[in-house]
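Each remark here refers to the structure printed beneath this line.
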Amino acid sequence: MDKIFILMMTVCLTSCSQHFSFLPENPRLHDAVVHQPYSAKITIFGASVAGSGNSLRLNPVNTGLTIKYCQIPEWRMSDKTTDTRDLNCIQVQGTPVKTGVVTFLVAGGGYAHMFESSTRFKKTYTINIVDPKNK
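Each residue of the sequence shown is one higher than the last, beginning at 2 in this note's numbering.
Right, here's the structure in full:
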């Protein structure tokens, strides 16, 4: 009987743990072309991303690309909505102005739960910006 209780408690406690996954999983996003609009979307699955302690860093910053959180769809908003960012969705967009490799870091954490503290995540993506003549 004790073994069954221990097994059930283990299953219950591990089912509450946060496991973040990213779509796309590949850390290399599709290539961008100089002077052509670019857009890529990254979705974070597994748990709700907490609003504090998150980081979106793009390097180098002068490429014409920007990184930001997606907007919550209007149908999900109410009169009490104060933050319209969807923290589980990240948008990279812009028109690249020069060739090179762009890297960006997506880091943050989830909300704490009854049986587990907040879990952190960190993932780095790269985008190759190519010249349209060499494509």
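Even for Gly, the Cβ is constructed at its ideal location relative to N, Cα and C.
Item, Value
"Simplified DSSP assignment, three categories, for Asp3", "helix"
"Neighbour-count burial assignment, Pro97, 16 or more Cβ in a 10 Å radius", "buried"
"Sub-8 Å separation of Phe23 and Lys124 beta-carbons", "yes"
"Pro111: first and last residue of the uninterrupted beta strand (DSSP E) it sits in", "As written in the sequence, residue 111 is Gly, which differs from the Pro given in the question. Run containing Gly111: none; DSSP gives neither H nor E here."
"Local conformation of Asn129 per DSSP, three classes", "strand"
"Cβ shell of Thr82 (< 6 Å), same chain only, five flanking positions each side left out", "none"
"Cβ distance (whole Å) where Leu30 is taken to contact Ile128 below 8 Å", "5 Å"
"Counterpart residues of Leu106 in DSSP-defined beta bridges", "Arg58, Thr125"
"From Asn55, Val35, Cys71, Leu66, residue whose alpha carbon lies closest to that of Asn135", "Val35"
"Helix, strand or coil at Asn63 [DSSP, three-state]", "coil"
"Closest residue to Asp32 among Arg58, Leu66, Asp3 (Cα-Cα distance)", "Leu66"
"Pair within 8 Å by beta-carbon distance, Gly95 and Ala51", "no"
"Through-space distance from Val93 to Tyr39, alpha-carbon basis", "8 Å"
"Residue from Thr64, Lys69, Asn60, Pro61 with nearest C-alpha to Thr44", "Lys69"
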